[in-house]
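Asks: So the protein sequences, as listed, match chains E and Y.
Using my numbering, read the first sequence as starting at -5 and increasing by one per residue.
Using my numbering, read the second sequence as starting at 37 and increasing by one per residue.
Ideal Cβ positions, reconstructed from N, Cα and C, are used throughout, including at glycine.
Before anything else, here's the structure in question.
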Amino acid sequence: MEAIFILIGISLVLAVTFLFLFFKAMKSGQFDDDYTPSIRILFDSQPKKSMKDQPKKSKSYE
Amino acid sequence: MKEVFHTDTRSRCYHCGESCEQDPILFDDKDFCCQGCKLVYEILDSNDLCEYYNLEANPGQSQKDSSTSKNRFDYLDDSDIERKLLDFKNDQESHVTFYIPQIHCASCIWLLEKLYQINSAITGSRVDFLRKKVQVKFLHTKLSLRELVRLLSVLGFEPKISLSDMERKAKTPVDRKILTQLAVAGFCFGNMMLFSLPEYFAEVDLLEVGFKRLFDYLNVLLSLPIIFYSASDYYRSAWNAILQRKANMDVPIVLGIFAFFFYSLWEIFAQGNAGYMDSLGGLLFFLLLGKLYQQKTFDTLEFDRDYKAYFPIAVTRLIQDREEVVPLVNLQVGDVVMVRDEELIPADAVLLSDRANIDYSFVTGESIPVPKQKGELIYAGGRQKGDAVLLLIQKVPSQSYLTDLWNNEVFEKSNKRLLEPLANRISGVFTWTVIAIAIAAFGFWIGNDISVAFKAFTTVLIVACPCALSMSTPFTLGNTLRIFGKGKFYLKNASVVELLALADTLVFDKTGTLTDPANASIEYVGESLSAETKSIVKAMVERSTHPLSNRINLWLGKVISAELEQVQEVKGNGIEAIYKNQTVRLGSMSFVGATVDLSSETGNYVFLSVEGVVLGYFHIQSGLREEASAVVQKLSGKYEIHVLSGDRAHEREALGRQLSSDIQFNFDQSPLDKLRYLKVLDGQGQNTIMLGDGLNDAGALQESQVGIAITDRVSHFSPASDAILDATSFGKIPSFLAFAKASRTIIKVSFGLSILYNIIGLSLAVQGLLSPVLCAILMPLSSISVVVFTTLATNFIAVRKGLIQLNRP
């Protein structure tokens, strides 16, 4: 049963770590704007790079 | 397929999507409506940023109207202005945040965050879409603030820099603090629940005694952050209330918290029992959750704007024919300033140029520009339409006719008669009753058994702790705020709901609030128009963007426009066209050469002449909003209704007929008169709601109990107010007011409910009968049932009033 003492210690340390991480995230302003990131994540930076690698097909992008 | 696509887009500008009236400028196989749009495309193309055009079709802003004067941003080189605008500056890097109203789509975000590809001195940029703000980090050694603003302006994203940006707003991240407190409370509460779990099954003897003691001590340890940090705001608020010899909701809460804490300490250390630390944690967690729920703010809107938010930082001053850009604060009486097309008149001034055309739409709500002649006094706040004009400054900006309002004492301090919130009034009575009961129970038991006496005393305080009571208000008001927000009615904070519910007098501004510029009444006076003349007029007004042209165009309806040989719009005067070798003129009296005495009339007049012969004129008056008469009639029985107007009184009868007979009309009201009028009503003890839209209502909006600003574009201009209403929701005003009343009733009912719980709990507690398990079940049950009740009830009433729709298929 003594294992429980260690487990309690570990669980508390883990919980405090999460709390600390939450504070860090909040200080960096992650929760200040909860709308823009939902648009930003849809931007695709890949095609542009791949287009550079390939020989340029054409000027027009239509 | 490709053919079709091409013909479809030929007449549309590739950049901004506007149709190209004249010959489009062909560049890189694409059509552009103007040089400005082409320039933006060239910049983006050369920087490999054409992905911008793939994210959204024609995402750009039309560059046709963009101001071209090069020295417009010179004031940004002023080190004092620069210092005030920057967020941060070190040897190398500067950070600045701009408000850019043009931000409207995903492409805007994408482009503004790729600025570093256009200029290497920009190290990064970040867009906040809802607030329409972008923060740019740049190396000020390589790029000055002025050059940065110029770059943004060339791209079509000219930042709006107004006088209010000069005052560094102390940014207090209030919502972050409550979030931190909630996080701490949640963390402690969660862990305490884990450690307390064995206690709930104490009969089964899950654990050895050693563990039980450890768990109890851990609970005490975990309760400390809650007591000392999470609950600190409650102590402060309760202490302030006591200092003012009042009892607000927080006084009984703090009593309960202390009773919980010290009784549990005594239980754990003296008695060897488990205490109620987990219940304490749960209480604070739910209380803070309710607070956060109520604190929902529409922080993308600005409720506290004064004239500084409208005024530019700098103006162009002329000194011996030399243009110079000076900060507005340095402007002095006697200076000559130049105001260009679409620029704001910064101070009361006399017109030096021959004529000007001033749009006072955000002052009065009337969108038709007013013509002014040389020598006339022009009030600050108008916007020049047409060619640049010269003005001689008569008063410094802070003392102009309109801005004088802000020097009124109303704006100095919030001197609104504070209505005691319902919750505070009830809790005053409640606190004293509970303390009396606790002392009575203590006195009753002290003769028989001192330990039972202490137990009865503390359990009364714990059980009576009005968690249910204190949760009913935030959850009801928070939910009401959300439902209003869905109906495009945005309140500054939750306490406005109660003020709305208590109001008995409604004061409407006329122009722009009850009337809608788009809903004009037009009357034609003169020789009757032939079908041919109508088609000529139609062709002329179609070419013009002037508001009056649009209204005549609507009035003409589906007349087929004639082919004109030549059309020319003389800004500020009218339109001249040549049709079958005859000159047709449409415009102001002097433009067509008419002589009619109209001095006793109001409204706008557009004259029509052919070959110098005046045929007649259009008389245009802005009409009532479609829903206006329905709204006023619905409200007229329940509220006292007043209408204030800056116009002359000739419309009184017509308005009375259209709206309702028991309205008190007041015409010829200056902005200051409006403010005084509200003050008088307030002095009579009436609870007023003022509905207005322009800067001239700002004083009245501030003076009333609830000032509601009505606006077509919610995130744009609106004077300081307690609430902002989208103009499209004007017809819902009676429902909003009724709903505010209903939510007050809901609060009362849920108070009744929680008092019932308290009576049951207290009757057990005074007898010393309450066991820990019963306590642990009763407390959360009462809180949760009250929260569920208020949420369901507000939603139910909102559906019944048609404020929210059920999304069931």
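#1: Reducing DSSP to helix, strand and coil, say where Leu388 of chain Y ends up.
#2: Verify the CB distance criterion: does Leu8 of chain E have a CB-CB separation below 8 Å to chain Y?
#3: What number of angstroms, rounded off, separates the C-alpha of Leu181 of chain Y from the C-alpha of Ile349 of chain Y?
#4: If I measure Cβ to Cβ from Gly192 of chain Y and keep anything under 7 Å in the same chain, skipping five residues before and after, which residues do I get?
#5: Any chance the region 134 to 148 of chain Y sits against the region 79 to 94 of chain Y, with 3 or more Cβ pairs inside 8 Å?
#6: Note down the Cα distance separating Gly418 of chain Y from Val399 of chain Y, rounded to an integer number of angstroms.
#7: Would Val470 of chain Y and Leu513 of chain Y be called neighbours here (beta carbons separated by less than 8 Å)?
#8: From the DSSP secondary-structure annotation, give me the bridge partner or partners of Phe134 of chain Y.
#9: Chain Y partners of Phe37 of chain E, CB-CB under 9 Å?
#10: How would you call Ala(-3) of chain E, buried or exposed, if buried means at least 16 neighbouring beta carbons within 10 angstroms?
#11: Could you list the residues in the region 221 to 237 of chain Y with a C-beta less than 7 Å from some C-beta on chain E, going in chain order?
#12: Check for me: the alpha helix (DSSP H) holding Ala350 of chain Y runs from which residue to which?
#13: Please confirm whether Thr849 of chain Y and Ser531 of chain Y have their CB atoms less than 8 Å apart.
#14: Within 10 angstroms of its Cβ, does Asn227 of chain Y collect 16 or more other Cβ (buried), or is it exposed?
#15: Quick one: Cα of Ile473 of chain Y to Cα of Phe493 of chain Y, how far?
#16: Buried or exposed: Lys449 of chain Y, going by 16 or more other Cβ atoms within 10 Å of its Cβ?
#17: What number of angstroms, rounded off, separates the C-alpha of Gly721 of chain Y from the C-alpha of Gln604 of chain Y?
#18: Which residues in the same chain as Lys431 of chain Y place their Cβ atom closer than 7 Å to its Cβ, once the five residues preceding and following it in sequence are excluded?
#19: Would you list, in chain order, the members of the region 692 to 726 of chain Y that have their beta-carbon closer than 7 Å to a beta-carbon of chain E?
#20: Using a C-beta cutoff of 8 Å, does Arg249 of chain Y count as contacting chain E?
#21: Taking Cβ positions, are Ile293 of chain Y and Asp252 of chain Y nearer each other than 8 Å?
#22: Across which residues does DSSP place Lys408 of chain Y in a beta bridge pair?
#23: Out of Y:Met576, Y:Asp65, Y:Val632, which one is the CA nearest neighbour of Lys611 of chain Y?
#24: Against chain Y, with Cβ distances strictly below 8 Å, would Ser4 of chain E count as a contact?
#25: Below 8 Å on the Cβ atoms is my contact criterion, and I expect Lys546 of chain Y with Val679 of chain Y to pass it. Report the Cβ-Cβ distance as a whole number of Å.
#26: Mind pulling the beta strand (DSSP E) runs of 3 or more residues that sit fully within the region 711 to 771 of chain Y?
#27: Can you tell which of Y:Val372, Y:Arg780, Y:Ala459, Y:Phe347 has the C-alpha that lies nearest to the C-alpha of Asp357 of chain Y?
#28: Any idea if Phe124 of chain Y is buried or exposed, counting beta-carbon neighbours within 10 angstroms, 16 or more meaning buried?
#29: Under three-state DSSP, which class holds Tyr50 of chain Y?
#30: Secondary structure at Asn702 of chain Y, three-state DSSP: helix, strand or coil?
#31: State the CB to CB distance for the pair Asp552 of chain Y and Arg688 of chain Y, rounded to an integer number of angstroms; the pair is presumed to be in contact (CB under 8 Å).
#32: Using C-beta distances below 6 Å, list every residue in its chain close to Ser5 of chain E, excluding the 5 sequence neighbours before and after it, in chain order.
#33: Is the beta carbon of Thr516 of chain Y sitting closer than 8 Å to the one on Ser232 of chain Y?
#34: Tell me the DSSP bridge mates of Arg621 of chain Y?
#35: Determine the contact status of Ala736 of chain Y and Leu773 of chain Y, defining contact as a CB-CB distance below 8 Å.
#36: Does the beta carbon of Leu166 of chain Y come closer than 8 Å to any beta carbon on chain E?
Replies: Walking through what the data contain:
#1: Secondary structure at Leu388 of chain Y: coil, using DSSP grouped into helix, strand and coil.
#2: Interface annotation, Leu8 of chain E: not in contact with chain Y, CB-CB separation never under 8 Å.
#3: The C-alpha of Leu181 of chain Y lies about 15 Å from the C-alpha of Ile349 of chain Y.
#4: If we look at Gly192 of chain Y and ignore the five residues flanking it on each side, its Cβ neighbours are Val76, Gly96, Gln97, Gln99, Gln138.
#5: Verdict: yes, contact present.
#6: Taking the straight line joining both Cα atoms gives about 7 Å.
#7: In this structure, Leu513 of chain Y does not lie closer than 8 Å to Val470 of chain Y by Cβ.
#8: Paired residue(s): Y:Val170.
#9: Close partners of Phe37 of chain E in chain Y (Cβ separation under 9 Å): Glu87, Leu91, Ala142, Ile145, Trp146, Glu149.
#10: Classification for Ala(-3) of chain E: exposed.
#11: Phe223, Asn227: these are the residues of the region 221 to 237 of chain Y whose beta carbon lies less than 7 Å from some beta carbon of chain E, given in chain order.
#12: From DSSP, Ala350 of chain Y is part of no alpha helix (DSSP H) but of the beta strand (DSSP E) over 350 to 355.
#13: There is simply no residue 849 of chain Y to check, as chain Y begins at 37 and stops at 845 in what is shown.
#14: Asn227 of chain Y should be labelled buried.
#15: Answer to the nearest angstrom: the Cα atoms are 8 Å apart.
#16: Summary for Lys449 of chain Y: the model assigns pLDDT 49, below 50, so the residue's position carries little reliability, and this model does not support an answer.
#17: Cα to Cα, Gly721 of chain Y sits roughly 58 Å from Gln604 of chain Y.
#18: Taken in chain order, the residues that qualify are Val369, Ala383, Asp384.
#19: The residues in question: there are none.
#20: With respect to chain E, the C-beta atom of Arg249 of chain Y has no partner C-beta closer than 8 Å.
#21: No.
#22: Per DSSP, Y:Ala392.
#23: Sequence inspection shows Ile at residue 611 of chain Y; the Lys mentioned does not correspond to that position. Per the C-alpha coordinates, the member of Y:Met576, Y:Asp65, Y:Val632 positioned closest to Ile611 of chain Y is Y:Met576.
#24: Note that residue 4 of chain E is Ile in the sequence shown here, rather than Ser. With 8 Å as the cut-off, Ile4 of chain E does not count as an interface residue toward chain Y.
#25: About 6 Å; that satisfies the 8 Å criterion.
#26: DSSP assignment within the region 711 to 771 of chain Y yields the following whole beta strand (DSSP E) runs of 3 residues or more, N-terminal first: 724 to 728, 742 to 747, 759 to 762.
#27: If we check each option's Cα against that of Asp357 of chain Y, Y:Val372 comes out closest.
#28: Exposed: under 16 other Cβ atoms inside 10 Å.
#29: Tyr50 of chain Y falls in the coil class under three-state DSSP.
#30: Correct three-state label for Asn702 of chain Y: strand.
#31: Their Cβ separation, rounded to whole angstroms, is 19 Å, which puts Asp552 of chain Y and Arg688 of chain Y out of contact at 8 Å.
#32: The beta carbon of Ser5 of chain E is closer than 6 Å to none in its chain, skipping five residues each way along the sequence.
#33: It is not a contact, given that the beta carbons lie outside the stated cut-off.
#34: By DSSP's assignment, Arg621 of chain Y forms a beta bridge with Y:Glu612, Y:Ser645.
#35: For Ala736 of chain Y and Leu773 of chain Y, no; Cβs fall outside 8 Å.
#36: Judged by the 8 Å Cβ criterion, Leu166 of chain Y is in contact with chain E.
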